[in-house]
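Asks: Structure below; questions to follow.
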Amino acid sequence: MRRSILVALSIFALTVVADAQAPAGGSKQLKPGAKAPAVAYDALAESRRTTAVSLVSALADEARSFHDEMLRARVQARAADALWDTDQDRARALFRRAWDAADQADKELARRTEEDKRRQLANGGNVVLTRPPNLRVEVLRLAAKRDRALGEELLSKLEDQRKQDARDAAAKLAGDQASAPAPAPNAPAALNFDTNHRLELARQLLQNGDTERALQFAEPALHSATRDAVFFLSDLRDKSPDAADKIFAALLASVAADPTADANAVSLLSSYVFTPRLAISILRDGGFNTMSNGNTVPPENFPAQLRTLFMQTAAQVLLRPPAPADQDRTSGGRAATYFMIARLLPLFEQYLPASVASLRTQLTALTPDAPEEVRDPNNNMLTEGLKTDAADTRDPVQDALDRLRRATTDDERDRLYVEAAIAAAGRKDPRAREFAEDVKDSATREQLLAYVDFSAARTAIEKKDVTELLRVARSGAMTSLQKVWALAEAARLSAKDNRALALDLLDEASQEARRIDGADADRPRALLAVAAQLYELDASRVWSLMSDLVKATNAAADFTGEDGRLVIKFQSKTHASIYSTTVETFNLQPLFQKLAAADMNRAVELAKNFTGESPRAVATLAVAAAVLAKKP
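Position one of the sequence shown corresponds to residue 58 (the numbering used here), numbered consecutively onward.
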């Protein structure tokens, strides 16, 4: 490449000399004060682009032999996306090749998931599965962004495969029905990964502004009350309220006609009307699962007629005579019915008062069979997300403290201190740590302190309170990765007014990162977080960190280079809470794009030093994308 650059520069120099020696009459004279025309050709930039294209093409070919099926498909699709502006024919071929690889990978992932499900069922436990990625959808999303016709072609293939899978499943069911045993009362329902992925892609199309195609793709998955379907309708309502409301009305009719619809279906439907993108499901033992995804502010000017239709449907389902306890096949049992009546009762009083007397009678009948947690009138879940007068005036922290005075056992006191600490952390109340320290059970206390300290660090970042952030980072119970993240954020907040302090904080974060075990994937993530902030303060010093980063990356077999997240969990006998967020500075792509802009050749050599297929591919694509990106 250096030889190419020298040749190009030599040609450019000769051109300049020739122009200088040309006769005056052979060229048009510029008027006094006029600007010379801009040079249309940049030999160095063109050489860099040529190198980047070669890198991506070589990586795409190498990806065909990658051991990881998912990486094989993803790299070829991303390579196609990177090459689109340079060579569309080559990019289309790569998209189709990526599709074939994704098809094979999806089938293999489905096979492994089915094996895992059967193994768990055979062991007699609850089935807990991680939903595998749908790689065909990932390829389709990138292809559709670049070429609508190609997107339609791949979409048609996905539909054909879906229909074939449905036919195969129907045939298998017909063949197995005669010999299949009756399902146990708590047997898990069949997992419909295709429906979830379909709605995931539809949501992506919706975010990109393609509402019509999003609806076309989502339509087959909008005939039953699932969490993803209701969340999609909430997103759709932001773009097209009439279309979303029409589908929701049809969904209400479907649930009303379904004799198996239960209180959890009502809970999901209530999300669309009162708590968009916040769903609560109730377990038979009185526990709760909550899922929040985005803005949960209730829609303004919601159609009164549609709201009344929901209240009527909800009342119809909740007032159905409960089956005997040993024959109840509903997902949440009597606990869910009791809870949903209690949760929605203030709304029934407001919007459908004619049903209140019957609902109160049903509530009374269910009381003996409802778990204590569900019957507790101070349960925070009764008003979670709802904008009612009761929800606005209740103080969950004070509620827990009031009940604490009446507690008689250590277990009960611990439960209430946990409740108070979590509620205080959510309300950014500084007493949260005080409550956590009062928990007697050491394992619960340690876990709760870590959760509370992480919440305090997030609050300090929001308030730009560097002093408080440093206190939590240095004396709190967080993990080393969380401490590095907090110190790096403190450096970012300090950089403008106190550069010296920011650099000292990054040195401190670097030392903390090196305390993480050498084989732990958190170590390269932590070093990346330090490098990302250091680049903004002193880019020249970042290169000295790169050898440590390469060593840490190569030593951590689980590090992919693009899965950067911060996760904090708390789980006890009575409470469970999890917070998870993406942290871009834990990933290779942002840093390598910056390094490529500063010194492409050096960045390429660094990427080649990664021994893992995924880190090397991510870094190489980041370098190429930085060079090939269109400039304004």
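By construction, the Cβ of each residue, glycine as well, lies at the ideal position given by its N, Cα and C atoms.
Could you check what DSSP says for Met348 in three-state terms: helix, strand or coil?
Replies: It is a strand residue.
Asks: In whole angstroms, what is the alpha-carbon distance linking Asn658 and Glu103?
Replies: Those two C-alpha atoms are separated by around 14 Å.
Asks: What is the rounded straight-line gap between the Cα of Asp99 and the Cα of Leu116?
Replies: Looking at the two C-alpha atoms, the distance is approximately 26 Å.
Asks: Quick one: measure Cβ to Cβ for Leu663 and Val607, integer angstroms, because I've assumed they're closer than 8 Å.
Replies: Sure, about 7 Å apart at Cβ, within 8 Å.
Asks: Note the first and the last residue of the continuous beta strand (DSSP E) segment covering Arg622.
Replies: Its beta strand (DSSP E) spans residues 622–628.
Asks: Since Leu335 is in the beta strand (DSSP E), which residue starts that stretch and which ends it?
Replies: It spans 335–339 - the beta strand (DSSP E) in which Leu335 sits, taken as one unbroken run.
Asks: Rank Asp522, Arg484, Val475, Ile518 by C-alpha distance to the C-alpha of Ala507 and give the top, closest one.
Replies: Ala507 has its Cα closest to that of Val475, out of Asp522, Arg484, Val475, Ile518.
Asks: Counting Cβ pairs closer than 8 Å, one from the stretch 494–512 and one from the stretch 573–589, do we hit at least three?
Replies: As far as the Cβ criterion goes, the stretch 494–512 does not touch the stretch 573–589, which means the pair count is below three.
Asks: What is the rounded straight-line gap between the Cα of Arg147 and the Cα of Ala109?
Replies: Going from the Cα of Arg147 to the Cα of Ala109 covers about 14 Å.
Asks: Does DSSP put Thr536 in a helix, in a strand, or in coil?
Replies: Thr536 falls in the coil class under three-state DSSP.
Asks: Leaving out the 5 sequence neighbours to the left and right, which residues in its chain are closer than 6 Å to Ala322 when beta-carbon positions are compared?
Replies: Closer than 6 Å at Cβ, skipping near neighbours: Ala282, Val312.
Asks: Whose C-beta lies closer than 6 Å to the C-beta of Lys665 among residues of the same chain, with five residues either side of it excluded?
Replies: No residues qualify anywhere along the chain.
Asks: Short of 7 Å in beta carbon distance, which residues of its chain neighbour Phe288, apart from the five on each side in sequence? Order them along the chain.
Replies: Counting only Cβ-Cβ distances below 7 Å, and skipping sequence neighbours, we find Arg334, Asn350.
Asks: So is Val194 buried or exposed if we call it buried at 16+ other beta carbons inside 10 Å?
Replies: Val194 is buried by the Cβ-count criterion.
Asks: Given a cut-off of 8 Å, decide if Ala534 and Glu503 are closer than it, judged by their beta-carbon atoms.
Replies: In this structure, Ala534 lies closer than 8 Å to Glu503 by Cβ.
Asks: How would you label Val684, buried or exposed, when you count the other beta carbons within 10 angstroms and need 16 or more for buried?
Replies: By the 10 Å Cβ count, Val684 comes out buried.
Asks: Inspect the CB distances between the stretch 427–446 and the stretch 395–404 and report whether three or more fall short of 8 Å.
Replies: Because the criterion of three Cβ pairs below 8 Å is met, the stretch 427–446 and the stretch 395–404 touch.
Asks: Taking three-plus beta-carbon pairs below 8 Å as touching, is the stretch 124–137 in contact with the stretch 170–182?
Replies: Cβ pair count under 8 Å is below three, so no.
Asks: Between Ala244 and Asp319, what straight-line distance do the alpha-carbon atoms span, to the nearest angstrom?
Replies: Low confidence applies here, because Ala244 scores a pLDDT of 32, under 50, leaving its location unreliable and the question unanswered by this model.
Asks: Are there 16 or more other CB atoms within 10 angstroms of the CB of Leu101, so buried, or fewer, so exposed?
Replies: Its Cβ having fewer than 16 others within 10 Å, Leu101 is exposed.
Asks: Could you check which residue in Ala513, Thr317, Arg622, Asp467 has the C-alpha nearest to that of Arg488?
Replies: Nearest of Ala513, Thr317, Arg622, Asp467 to Arg488, Cα basis: Ala513.
Asks: Where does Ala573 sit, in a helix, a strand or coil, going by DSSP?
Replies: Residue identity check: residue 573 is Ile in the sequence provided, not Ala. Residue state, collapsed to three classes: coil.
Asks: For Ala393, which residues from the same chain have a beta carbon less than 6 Å from its beta carbon, with the 5 sequence-adjacent residues on both sides left out?
Replies: Once the five neighbours on either side are set aside, the close Cβ partners of Ala393 are Ala320, Asn321, Ile339.
Asks: If you run the structure through DSSP and keep just helix, strand and coil, what is Ala674?
Replies: Looking at Ala674 - three-state DSSP - the assignment turns out to be helix.
Asks: With a CB to CB cut of under 6 Å and the five nearest residues on each side skipped, what residues in its chain are close to Gly208?
Replies: So the qualifying residues of the chain are Ala200, Ala201.
Asks: In this structure, how does DSSP classify Thr440 when only helix, strand and coil are distinguished?
Replies: Thr440 falls in the coil class under three-state DSSP.
Asks: On a CA-only basis, which of Leu308, Arg622, Asp342, Pro316 is nearest Leu326? Give me that one, please.
Replies: It is Leu308 whose Cα lies nearest to the Cα of Leu326.
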